[in-house]
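The sequence shown begins at 336 in our numbering and counts up by one. We treat Cβ as the ideally placed atom computed from N, Cα and C, and that holds for glycine. Everything below concerns the one structure shown next.
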Amino acid sequence: MTTTHDHLVRATALGGRVRAFALDATGVVQELQSRHDTLPAVTAALGRTAMGALLLAAASLKEPDQLLTIDVRGDGPVRRILATADGQGRVRGLVGRPHVHAESRNGKLNVRGVVGTSGYLAVTKDLGMREPYRGMVELVSGEIGEDLVYYLARSEQTPSGVGIGVFVRPDLSVEAAGGFLIQLLPGVPDDDLAALEARVAGLPHPTELIRSGTTPEQMLEVLFPEGFQLLDRHPVSFHCPCSRERFASAILALGEAEVRRIIQEEEQPYTEVVCHFCNEPYHFSPVQMQGILDAAA
Ligand code: ZN
């Protein structure tokens, strides 16, 4: 389902003192919407979080199998939004309650209305070390983009600009989703900084840019008219690493007594386990459940 337009670009500008990332993730966010059956404001919240994870992963992961997770827990009706991206542009996500909604504000999807304005945003980076890196900040806006800017400034001491947006059609499908991340390294002259801030402030909303056919490369052209150096371009996609084998291990982890109880008490012809990240169902018959126990014995 993911469209071939979906990709992320990585670049530097202003003599290497600015790192820039931009992406079109329309297909990815559409797949998240269909898999989780989200209503528009939740689609936008989940899509922004997933794109934030893809952008931060591109900015901070070095290896394909490293993982970056953004976990947003606000006091709004959706309760929780979580997205995990890996070092090769693949992302998955989940929401606490997909069917909540909030009245649109000024014709825009009310992301803050479903996320809430009080709570926290946590970022976990699994870099293959013994302990994952973990940073956490309180929510400052509930719109996700501003919360990520605050997280990057507060927790990683990196002044950044983030613009991410999702446009949902009346039939609930996703027409456009994209955005950018700019990170300033030490030593950007004040004049350049002021010019860049003015350009970011004057930029049409990322959703409008993607809707009008602007590619991630063209987004960077608008942000850096004096030029930039393109370092990398790679596809982004939805991907869930769940499998029947992983769920068999999870069933085994319940313990033999519990599995035996399920085998005896299950009234359906099979036990269904559903992955929270992709909503894929896995079915295990009593004979298959017994097989899991036997294989481990
Ligand atoms: Zn899954």
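Are there 16 or more other CB atoms within 10 angstroms of the CB of Asp482, so buried, or fewer, so exposed?
The sequence position of residue 482 within the sequence shown is 147, counting from 1. By the neighbour-count rule (16 or more Cβ atoms within 10 Å), Asp482 is buried.
Can you tell me which residues form a DSSP beta bridge with Asp629?
By one-based count along the sequence shown, residue 629 stands at place 294. DSSP, once it has assigned bridges, lists no residue as partnering Asp629.
Can you check DSSP and say which residues form a bridge with Lys397?
Counted from its first residue, the sequence shown places residue 397 at position 62. Beta bridge pairing from DSSP links Lys397 with no other residue.
Taking only the alpha-carbon atoms, compute the straight-line gap between Gly522 and Gly350 and give it to the nearest angstrom.
Numbered from 1 along the sequence shown, position 187 holds the residue referred to as residue 522. Numbered from 1 along the sequence shown, position 15 holds the residue referred to as residue 350. So the two alpha carbons sit approximately 10 Å from each other.
Hey, would you say the C-beta of Glu366 is under 7 Å away from at least one heavy atom of the ligand ZN?
If you number the sequence shown from 1, residue 366 lands on position 31. Not under cutoff, so the answer is no.
Considering Cα atoms alone, identify which of Val377, Phe502, Leu558, Leu507 is closest to Ala357.
In the sequence shown, the residue the question calls residue 357 occupies position 22. Nearest C-alpha to Ala357: Leu558.
Checking the sheet assignment: what are the DSSP bridge partners for Glu473?
Stepping through the sequence shown from its first residue, residue 473 is reached at position 138. Note: Glu473 sits in a beta bridge opposite Tyr455.
Quick test of your reading: His371 and Val430, contact by CB under 8 Å. State the CB separation rounded to the nearest angstrom.
By one-based count along the sequence shown, residue 371 stands at place 36. By one-based count along the sequence shown, residue 430 stands at place 95. That pair is a contact at about 6 Å.
Where does Gly480 fall in DSSP's three states?
Mapped onto the sequence shown, residue 480 falls at position 145. Note: Gly480 maps to helix in three-state DSSP.
On the DSSP bridge assignment, give the partners of Phe563 in chain order.
As a first step, residue 563 is located in the sequence shown; it is residue number 228 there, counting from the start. Assignment of beta-bridge partners to Phe563 by DSSP yields Ala348.
What is the DSSP secondary structure of Phe612, reduced to helix, strand or coil?
Stepping through the sequence shown from its first residue, residue 612 is reached at position 277. Note: Phe612 maps to coil in three-state DSSP.
How is Asp506 classed by DSSP in three states: helix, strand or coil?
Position 171 of the sequence shown, counting from 1, holds the residue named residue 506. In the structure shown, Asp506 sits in coil (DSSP, three-state: anything other than H, G, I, E or B).
Going by DSSP in three states, Ala295 sits in which element: helix, strand or coil?
Past the edges of the chain, shown from 336 to 632, lies residue 295, and the structure says nothing about it.
Nearest by alpha-carbon distance to Gly382: which of Ser572, Pro621, Glu602, Gln599 is it?
Within the sequence shown, numbered from 1, the residue matching residue 382 stands at position 47. Cα-wise, what sits closest to Gly382 is Ser572.
Kindly provide the chain-ordered list of residues whose Cβ lies closer than 6 Å to any non-hydrogen atom of the ligand ZN.
One residue list follows from the rule of a beta carbon closer than 6 Å to any heavy atom of the ligand ZN, given in chain order as Cys575, Cys577, Cys610, Phe612, Cys613, Glu615.
Starting from the N-terminal side, write out each stretch of the alpha helix (DSSP H) that is 4 residues or longer and does not extend beyond the region 545–593.
551–558, 579–587
According to the neighbour-count rule (16 or more other Cβ atoms, all chains shown, within 10 Å of its Cβ), is Glu441 buried or exposed?
Taking the sequence shown and counting its residues from 1, the one referred to as residue 441 is at position 106. Per the sequence shown, residue 441 should be read as Asn rather than Glu. Exposed: under 16 other Cβ atoms inside 10 Å.
On the premise that Val364 lies in contact with Val501, defined as a C-beta separation below 8 Å, what is that separation, rounded to the nearest angstrom?
Here residue 501 is taken as the residue at index 166 of the sequence shown, counted from 1. Here residue 364 is taken as the residue at index 29 of the sequence shown, counted from 1. Right, the Cβ-Cβ distance comes to about 6 Å (below 8 Å), so this counts as a contact.
Could you give the residue range of the beta strand (DSSP E) that holds Thr361?
On the sequence shown, position 26 is the one that residue 361 refers to. Where Thr361 is concerned, there is no enclosing beta strand (DSSP E), although the alpha helix (DSSP H) it sits in stretches over 361–371.
So, under 8 Å CB-CB, Phe515 and Pro494 are touching, yes? Tell me the CB distance rounded to an integer number of Å.
Locating residue 515 in the sequence shown gives position 180, counting from the first residue. Locating residue 494 in the sequence shown gives position 159, counting from the first residue. Not quite, the Cβ-Cβ distance comes to about 15 Å (not below 8 Å), so this is no contact.
Assuming the contact rule is C-beta atoms closer than 8 Å, Arg345 and Asp567 should be a hit. Round their C-beta distance to whole Å, please.
By 1-based counting over the sequence shown, the position of residue 345 is 10. By 1-based counting over the sequence shown, the position of residue 567 is 232. Confirmed, about 4 Å.
Measure the alpha-carbon distance for Gly701 versus Ala360 and round it to whole angstroms.
Residue numbering for the chain in the displayed model covers 336 to 632; residue 701 lies beyond these limits and cannot be assessed.
One question on the structure: do Ile499 and Gly387 come within less than 8 Å of each other, judged by their Cβ atoms?
Numbered from 1 along the sequence shown, position 164 holds the residue referred to as residue 499. Numbered from 1 along the sequence shown, position 52 holds the residue referred to as residue 387. Yes. Within cutoff.
Which residues share a DSSP beta bridge with Gly411?
For the purposes of this step, residue 411 is identified with residue 76 of the sequence shown, where counting begins at 1. In DSSP, Gly411 forms no bridge with anything.
Can you tell me whether DSSP reads Arg354 as helix, strand or coil?
As a working mapping, residue 354 is identified with position 19 in the sequence shown. Strand.
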